[in-house]
Structures are given as C-alpha cells and as structure tokens.
Amino acid sequence: MMRFTQFEDDAVTVARNLLGQRLVRVFDGERLSGTIVEVEAYLGLHDAAAHTFNGRRTARNESMYLPGGHAYVYMIYGIHHCLNVVCGAAGDGTAVLIRALEPLEACETMLRNRVGGRTLRRELKKHDLCSGPGKLTQAMAIDRDFDGESLTDSSRLWIEQEVVSVAHDSIVSSPRIGVDYAGEWAKEPLRFFLRHNVFLSC
DNA sequence: CTAAAGATTGGCT
DNA sequence: GCCAATCTTTAGC
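Take a look at the structure:
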C-alpha cells in the first residue's frame, strides 16, 4: 500500500489526482474506506467561494492555511461536517472538498454510523451511504476533532494510492455545488467527478 | 451584543 | 420541488 502524498500541487491538480484514490478511516480498530468519486477545488484568497477569500483568517478556517496534506474539517448548518484536504504551501489557503465516496470496506459500520447520527425512516442503500460531503463524514465518524490532522502521518485517517489510476477522459467537471453566493466564481468548473458513477451526490 | 447565513440533508407535497 | 432542522461562525452596530 502506498499512501497518497502529492498534496503540494495546486488545488485543481490535487482534486483531479484524488479521484479514484481510497479514503481510509480507522474507527474502533476497523478499516472504513471508500473510493473518492467526487471532489471540489477551492482556490484560495482570490476565490470568492473559498473560506479563505480575501485572506479571511479565523479560528474556524485556520487549518486551511496549513501546508498541503492536512485536513480542514468544519461544521456546516449546525448539523453536518465537511472534510477538505489542504493543498499547496503553507499560507496558500487552498483545499479540496471531498464530496462523495464509493463505499468499499466496513459498509455495515458506516451504515450504523449514518443511522445513529440522525434517525432515518427509509432504508439506506449503499449508494446513499457516502453520496455527499455531510454523509461521508457521518459514515466515517469524522468531526472537528480531525481538523488539522496530517493525512501523511495520521494513524486514523489517510488516503491510499490505488494501483490503477483513473483515465483522463473519465473525469468530468461542472460548477461547484451550493456556492451561489460567490458570484462569477460560482460558475467556474471546479467540481470534478467520475463519469457515470452511481455514488455521486447529484 | 444581535442577527443572518451557511461548501447540507431528509422528509413531505 | 420546497422547506425545516440546528447551531456555529461571522459581520455589523
């Protein structure tokens, strides 16, 4: 197994390279994992959709200024957590949001985590497990405690390099989701996902 | 101090 | 397609 460590590139490069790699979380001594199938790039201080826009620096987004390879985890809508991988050099404020996974290992545990957090009435299918940024963090029990975690050193959260890389022409791009407040930046094709994949958020 | 909004999700019409 | 849930963060006064 090779750990993925190429986090120092720009966010778009990292975003594209992360597709097809495996996010691994050790939870209660068990390996939970999934293939990354959907991501979004946030380009830093000049990107109106990024939390670091205009150099904004607060307690919440501080870890987004760490060197590439660290996690930036924040709570959204008071309910969900979102997992980002910081890119570039220290101070860049760039990151990639992990938006969806194809569940691979310990699906039963991830299912339990999903149902446990909030009561769901309908039965959860495999494609409902990690098909959104808030869903995958709930399935993998990732919260603010992981903010600033080093994905190159951590023994509970990291990314593994798959042997076979994703074909260039199977990567599709679109505008990012839920960033309408960002004006022209909302239109930039900075969401990347695997074509025809069943496990996407939308 | 107060208010408003948010890189979402699930349930209901 | 619409809307509530739920609460932290941030901007503004």
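Each residue of the first sequence is one higher than the last, beginning at 1446 in the working numbering. From the three backbone atoms N, C-alpha and C, an ideal C-beta is built for every residue, glycine too. It should be emphasised that the depicted structure is a prediction, and the values quoted were computed from it without experimental measurement.
message: Is the separation between the beta-carbon of Ser1599 and that of Glu1550 shorter than 7 Å?
response: For Ser1599 and Glu1550, no; Cβs fall outside 7 Å.
Burial state of Glu1633 (16 or more Cβ within 10 Å): Buried.
message: For a test of the three-state rule: what should DSSP assign to Met1555, helix, strand or coil?
response: Looking at Met1555 - three-state DSSP - the assignment turns out to be helix.
Start and end residues, alpha helix (DSSP H) containing Thr1582: Residues Pro1578 to Ala1584.
task: Can you tell me which of the three DSSP states Tyr1519 falls into?
output: Per DSSP, reduced to three states, the secondary structure at Tyr1519 is strand.
message: Tell me the DSSP secondary structure of Thr1458 in three-state form.
response: Residue state, collapsed to three classes: helix.
query: Which of helix, strand or coil does DSSP assign to Ala1627?
result: Looking at Ala1627 - three-state DSSP - the assignment turns out to be helix.
query: Apart from the five residues just before and just after Gln1466, which ones in its own chain have a Cβ nearer than 8 Å to its Cβ?
result: Cβ neighbours of Gln1466 beyond the five flanking positions: Phe1449, Thr1480, Ile1481, Ile1604, Glu1605, Gln1606 and Glu1607.
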